[in-house]
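Read through the structure below, which is laid out as structure tokens, and then see the notes.
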Amino acid sequence: MPTTDAPDTQRRRRRPSRARRLLRTLVLLGSLLTAALISFHSSVPDVAGLGLLVDSAAPWLGLAMVPLLALALLTRSAMAPAFVLIPALAWAAAFGSAVIPLSWSAPEPTAGALGIASQNVKSGSGTALESARTLSATGADLIALQELDPGADGPVTAGLSADYPYHFVVGTVGLWSRYPLHSPVALDLGLGWKRALSARVTTDAGEVKIYVVHAASARPNDHADRDEMLFQLSTAIKADAASRVIAVGDFNATAYDRAFAPLLRTLDEPRQNAGGLGFTWRADPLPVMRLDHFLSRGLPVTSNTVLPAGKSDHLAVRTNVNLLAGS
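Right, dumping it as structure tokens:
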């Protein structure tokens, strides 16, 4: 006669151990917490700079799914790995659209096009001219540089004079152009000294308003000046009647920083040609966040990339836009 296990023995075999049940609970709680941070990072109180750190690291919060999945597998539960789908879906909702390649949907370039390049050349690097020449070689019509050393604008202007006869420099920020610049204005944006500029660029296909900015530095317990600059910049651009506007430079903020949000309500940031988040800092050994941006309104973007130039710790941003509608 065959033997059978007693009911209590069968239940013990089917029921996971207390340790595995606890581990499964931890996976669930960790998944919910990670999803909440991803979705609502801008609501984290900025106490001791915590808000700035969480905002800046927002796309990297998805890495928490790796240990969560490893723990889920240790539970030997079919349900635990499914918990990790919660932060995965939150990450996809928050950042998924930003990593889709621009090349999949970008309009075709037209005859009336404008190329813009921008880089923080890093004070003390001594390679502002080298950066400018690298960016010029990309065919850019406008070159914006930030963090220029005192006197560095002279060699840059001389080196670019043949192709970029128009320029405007304010402190550590400069703009060199193939096209005439009108009504250039130095901007302090609440900083107390000039660290930004604006100008009207007159092209063969009409006028474009450009803002070049180097926002104040942002550290966990010291980012009030940067926040004020970004707020005043967004206010100025919102009030600007120009239909075609560009803002470029080192904003010292990621696109997910709560202080950057007002700019994204009046301007758009294009995706990267090949996809990804287009991190620009630090250039070496591996960029971990995008502090340098190209923002615009009224201008269809046909390409948007980052590239190294000079010995800066920032990668440059290189963008093309259409000024004329496609045929």
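Numbered according to my numbering, the sequence shown spans residues 10 to 336. Where a beta carbon is used, it is the ideal one built from N, C-alpha and C, also for glycine.
Inset, instruction - Throw me the rounded Cβ distance for the G168 and R209 pair, which I believe falls under 8 Å. - result: In the sequence shown, the residue the question calls residue 168 occupies position 159. In the sequence shown, the residue the question calls residue 209 occupies position 200. Rounded, the Cβ-Cβ distance is 25 Å, inconsistent with contact.
Inset, instruction - Measure the C-alpha to C-alpha separation of I246 and A126 and round it to an integer number of angstroms. - result: Looking up residue 246 in the sequence shown gives position 237. Looking up residue 126 in the sequence shown gives position 117. Spanning the two alpha carbons is a distance of roughly 20 Å.
Legend entry - Cutoff 8 Å; reference G133; Cβ partners in own chain excluding five residues on either side: Along the sequence shown, read from residue 1 onward, the residue named residue 133 stands at position 124. Excluding positions up to five away in sequence, the list reads D158.
Legend entry - Terminal residues of the beta strand (DSSP E) in which W69 lies: Residue mapping note: residue 69 aligns to position 60 of the sequence shown, counting from 1. Unbroken run through W69: none, as it is neither H nor E.
Inset, instruction - Give me the Cα-Cα distance between L38 and V93, rounded to the nearest whole angstrom. - result: To locate residue 38, count along the sequence shown from 1; it is residue 29. To locate residue 93, count along the sequence shown from 1; it is residue 84. L38 and V93: Cα-Cα distance of roughly 10 Å.
Inset, instruction - Out of F240, A325, P309, state which residue places its alpha-carbon closest to the alpha-carbon of L111. - result: Residue numbering aside, residue 111 sits at position 102 when the sequence shown is read from its first letter. Closest option to L111, Cα to Cα, is P309.
Legend entry - Start and end residues, alpha helix (DSSP H) containing Q241: To locate residue 241, count along the sequence shown from 1; it is residue 232. Where Q241 is concerned, the enclosing alpha helix (DSSP H) stretches over 233 to 248.
Inset, instruction - Report yes if the CB atom of A225 is closer than 8 Å to the CB atom of M238, and no otherwise. - result: Residue mapping note: residue 225 aligns to position 216 of the sequence shown, counting from 1. Residue mapping note: residue 238 aligns to position 229 of the sequence shown, counting from 1. Yes, Cβ-Cβ distance for A225 and M238 is below 8 Å.
Inset, instruction - Count the other C-beta atoms from every protein chain shown that fall within 10 angstroms of the C-beta of S305, then say buried if there are 16 or more, exposed otherwise. - result: In the sequence shown, residue 305 corresponds to position 296, counting from 1. The residue is buried, with at least 16 neighbouring Cβ atoms inside 10 Å.
Legend entry - Pairwise C-alpha distance: L59 and S140: Counting from 1 along the sequence shown, the entry for residue 140 is found at position 131. Counting from 1 along the sequence shown, the entry for residue 59 is found at position 50. Cα-Cα distance, rounded: 35 Å.
Inset, instruction - Would you mind stating whether A149 and G124 have Cβ atoms separated by less than 8 Å? - result: Within the sequence shown, numbered from 1, the residue matching residue 149 stands at position 140. Within the sequence shown, numbered from 1, the residue matching residue 124 stands at position 115. Going by C-beta atoms, A149 is nearer than 8 Å to G124.
Legend entry - W290 - partner residues in DSSP beta bridges: Position 281 of the sequence shown holds residue 290. BP columns for W290 point to M298, H323.
Inset, instruction - Output the distance between the C-alpha atoms of P296 and S321, rounded to the nearest integer angstrom. - result: Here residue 296 is taken as the residue at index 287 of the sequence shown, counted from 1. Here residue 321 is taken as the residue at index 312 of the sequence shown, counted from 1. So the alpha carbons of these two residues sit roughly 12 Å apart.
Legend entry - Continuous beta strand (DSSP E) stretch holding D162: start and end: On the sequence shown, position 153 is the one that residue 162 refers to. Note, D162: premise wrong, no beta strand (DSSP E); alpha helix (DSSP H) at 162 to 169.
Legend entry - Three CB pairs or more closer than 8 Å across the stretch 50 to 66 and the stretch 259 to 274: yes
Inset, instruction - Would you mind working out which of W113, T136, A283 sits nearest H323, comparing C-alpha positions? - result: Translated into the one-based positions of the sequence shown, residue 323 becomes position 314. Ranking the options by Cα distance to H323, first place goes to T136.
Inset, instruction - Tell me where the alpha helix (DSSP H) around I125 begins and ends. - result: Counting from 1 along the sequence shown, the entry for residue 125 is found at position 116. Where I125 is concerned, there is no enclosing alpha helix (DSSP H), although the beta strand (DSSP E) it sits in stretches over 122 to 129.
Legend entry - Under 8 Å between C-beta atoms of P116 and T311: The count along the sequence shown starts at 1 and reaches residue 116 at position 107. The count along the sequence shown starts at 1 and reaches residue 311 at position 302. Taking 8 Å as the Cβ cut-off, P116 and T311 qualify as a contacting pair.
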